[in-house]
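K.L.:
Residue numbers (the working numbering): 269 to 568.
Where is the CB? At the ideal position from N, CA and C, for every residue including glycine.
This is the structure, below, for whatever I ask next.
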Amino acid sequence: MSSALHAFIRELEQDACWLEPNRLRERGEVLDRLETYLGCGLPQDADASMTEAGLQQRMVALRDAFEAADHRLYQSIRHDIQQGGGARTLLAWVTGLGSDNVVEPRASGDSYDYLDVLIAGVLQIDEPDAQIAELADEMVFYQPTPARHIFDMIRRSALDKHDVLVDLGAGLGHVPLLAAICTGARCIGVEWELAYVDCARRCAQALHLTQVTFIRQDARAADLSTGTVFYLYTPFTGTILREVLDALRGEAAKREIRICTLGPCTSIVALEPWLEAVGAQEINQPTLFRSIEACAEILP
Ligand SMILES: C[S@@+](CC[C@H](N)C(=O)[O-])C[C@H]1O[C@@H](n2cnc3c(N)ncnc32)[C@H](O)[C@@H]1O
Numbered sequence: 269m270s271s272a273l274h275a276f277i278r279e280l281e282q283d284a285c286w287l288e289p290n291r292l293r294e295r296g297e298v299l300d301r302l303e304t305y306l307g308c309g310l311p312q313d314a315d316a317s318m319t320e321a322g323l324q325q326r327m328v329a330l331r332d333a334f335e336a337a338d339h340r341l342y343q344s345i346r347h348d349i350q351q352g353g354g355a356r357t358l359l360a361w362v363t364g365l366g367s368d369n370v371v372e373p374r375a376s377g378d379s380y381d382y383l384d385v386l387i388a389g390v391l392q393i394d395e396p397d398a399q400i401a402e403l404a405d406e407m408v409f410y411q412p413t414p415a416r417h418i419f420d421m422i423r424r425s426a427l428d429k430h431d432v433l434v435d436l437g438a439g440l441g442h443v444p445l446l447a448a449i450c451t452g453a454r455c456i457g458v459e460w461e462l463a464y465v466d467c468a469r470r471c472a473q474a475l476h477l478t479q480v481t482f483i484r485q486d487a488r489a490a491d492l493s494t495g496t497v498f499y500l501y502t503p504f505t506g507t508i509l510r511e512v513l514d515a516l517r518g519e520a521a522k523r524e525i526r527i528c529t530l531g532p533c534t535s536i537v538a539l540e541p542w543l544e545a546v547g548a549q550e551i552n553q554p555t556l557f558r559s560i561e562a563c564a565e566i567l568p
């Protein structure tokens with residue numbers, strides 16, 4: 269084990285390829301390993317020479333170099349976004365082109381994977397600096413949609429620059445931010461928690477995303493009149509969900525709308541007679557619904 273660790277550190281030091289932008293995923297795995305050694309100490313059977321501060325320092329130097337390589341990658345993608353070219357760069361990562369054409373078996377369900385690490389590094393959304401208010405009954409606490417599902421939602425809904433996406437219960441704003449970057453659509457995040465709205469606004473401003481708006485509001489009071497695509501990552505349940513679905517049904521009486529859901533609210537939305545599911549419905553994946561033409565006629 270001790271010689272294996274030596275060889276591992278030497279290989280990392282000698283191979284500059286590890287610092288290439290497209291090695292992000294592999295670098296993340298190595299960083300986890302280095303952090304484990306640095307946090308928990310060297311392996312028990314490491315001989316005396318390996319427990320010296322020298323080996324520790326080499327690992328710290330490698331960790332710093334790897335983190336700096338990640339940071340350079342994030343900054344270059346941020347620069348592309350600020351110049352209006354973020355879609356090409358980000359979508360290349362989603363299809364695997366950014367990572368040596370290797371499309372990883374992605375995480376399943378609502379767990380996160382290296383794409384979330386990339387998105388966190390690119391968006392650099394602040395931690396909320398204010399106290400998060402307690403949510404009322406039926407309001408669901410914040411949890412971000414895993415990035416792969418956001419890109420899947422964009423693909424399924426065929427979102428484009430003519431659309432207006434409304435994320436009802438937008439949290440820190442990942443969905444409107446990424447949708448705006450990747451499609452040019454106008455995107456609106458409606459969120460109850462002011463501290464989240466402040467963070468999302470700062471991110472949009474830093475990335476020069478002028479077509480994204482964040483509104484601090486209860487979704488029940490939101491103006492839905494401009495939306496063409498509505499996203500719900502189970503932001504609320506019970507009577508709040510009922511009230512918002514009724515408001516969406518009112519919009520669907522005037523024009524066709526699309527609704528994309530994720531999580532437990534999908535099974536409730538699927539029962540709405542004025543909506544039909546489009547494409548595959550898989551558990552733990554976004555599901556797309558479209559209002560049916562006869563919607564105006566079936567309204568009570
Ligand atoms: C599961 S998170 C989804 C976050 C975001 N849509 C995403 O997918 O990354 C639910 C969010 O809805 C917000 N929320 C809950 N009830 C709300 C309401 N009535 N009006 C607006 N936002 C609400 C919560 O504060 C939380 O940020």
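Does at least one heavy atom of ligand 1 sit under 7 Å from the Cβ of Y464?
P.N.:
It does: the Cβ of Y464 is within 7 Å (strictly closer) of some heavy atom of ligand 1.
K.L.:
Given the structure, does Q411 come close to ligand 1, in the sense that its CB is under 7 Å from one of the ligand's heavy atoms?
P.N.:
yes
K.L.:
Roughly how many whole angstroms lie between the Cα atoms of Y499 and G353?
P.N.:
Each residue's alpha carbon lies about 24 Å from the other.
K.L.:
Look at the Cβ atom of R558, then the Cβ atom of R526, and state whether they are nearer than 8 Å.
P.N.:
yes
K.L.:
Indicate, with yes or no, if ligand 3 has a heavy atom lying under 7 Å from the CB of R488.
P.N.:
Ligand 3 is absent from the structure shown, which contains only ligand 1.
K.L.:
With distance defined between alpha-carbon atoms, name the residue in L341, A284, R278 and L292 nearest to G322.
P.N.:
In terms of Cα proximity to G322, the closest of L341, A284, R278 and L292 is R278.
K.L.:
From the DSSP output, which residues share a beta bridge with V432?
P.N.:
The secondary-structure analysis by DSSP pairs V432 across a beta bridge with R454.
K.L.:
Look at the alpha carbon of T413 and the alpha carbon of K522, and state the distance between them as a whole number of angstroms.
P.N.:
29 Å
K.L.:
I'd like to confirm the pairing. Which residues does DSSP put opposite L530 in its beta bridges?
P.N.:
DSSP links L530 through a beta bridge to Y501.
K.L.:
If L556 and R454 are in contact, beta carbons under 8 Å, what's the gap, nearest whole angstrom?
P.N.:
With 8 Å as the limit, L556 and R454 do not qualify as a contact, their Cβ atoms being about 19 Å apart.
K.L.:
So what's S535 in DSSP terms, helix, strand or just coil?
P.N.:
helix
K.L.:
So, under 8 Å CB-CB, V537 and L427 are touching, yes? Tell me the CB distance rounded to an integer number of Å.
P.N.:
Incorrect: roughly 18 Å between the Cβ atoms, too far for contact.
K.L.:
Taking the continuous beta strand (DSSP E) assigned at R488, which residues delimit it?
P.N.:
Run containing R488: none; DSSP gives neither H nor E here.
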